[in-house]
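Going letter by letter, the sequence shown gives residues 20 to 58 in the working numbering.
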Amino acid sequence: MRLFILTVFLLKINFIYAQFPDFVLATQNSLESVVHIKL
Numbered sequence: 020m021r022l023f024i025l026t027v028f029l030l031k032i033n034f035i036y037a038q039f040p041d042f043v044l045a046t047q048n049s050l051e052s053v054v055h056i057k058l
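What follows is the structure, given as structure tokens:
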């Protein structure tokens, strides 16, 4: 039963990332820009 819950949880995470790849990439680019500016 615990394995089933874990599988559902992982599928939800994968679904969220599949829905928002552009958002995730934009966030990563923003973070990298901030880091480069600080350096």
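Note that the Cβ used here is the ideal one computed from N, Cα and C, for glycine as well.
Note that the coordinates shown come from a computational prediction; the quantities given were computed from them, not determined experimentally.
Residue i: first and last residue of the uninterrupted alpha helix (DSSP H) it sits in
{"i": "residue 23", "result": "21-38"}
Nonlocal neighbours in the same chain, by C-beta distance under 8 angstroms from residue i, ignoring five residues either side
{"i": "residue 43", "result": "36"}
Nonlocal neighbours in the same chain, by C-beta distance under 7 angstroms from residue i, ignoring five residues either side
{"i": "residue 24", "result": "none"}
Close Cβ partners of residue i (< 6 angstroms) along its chain, the five nearest in sequence each way excluded
{"i": "residue 30", "result": "none"}
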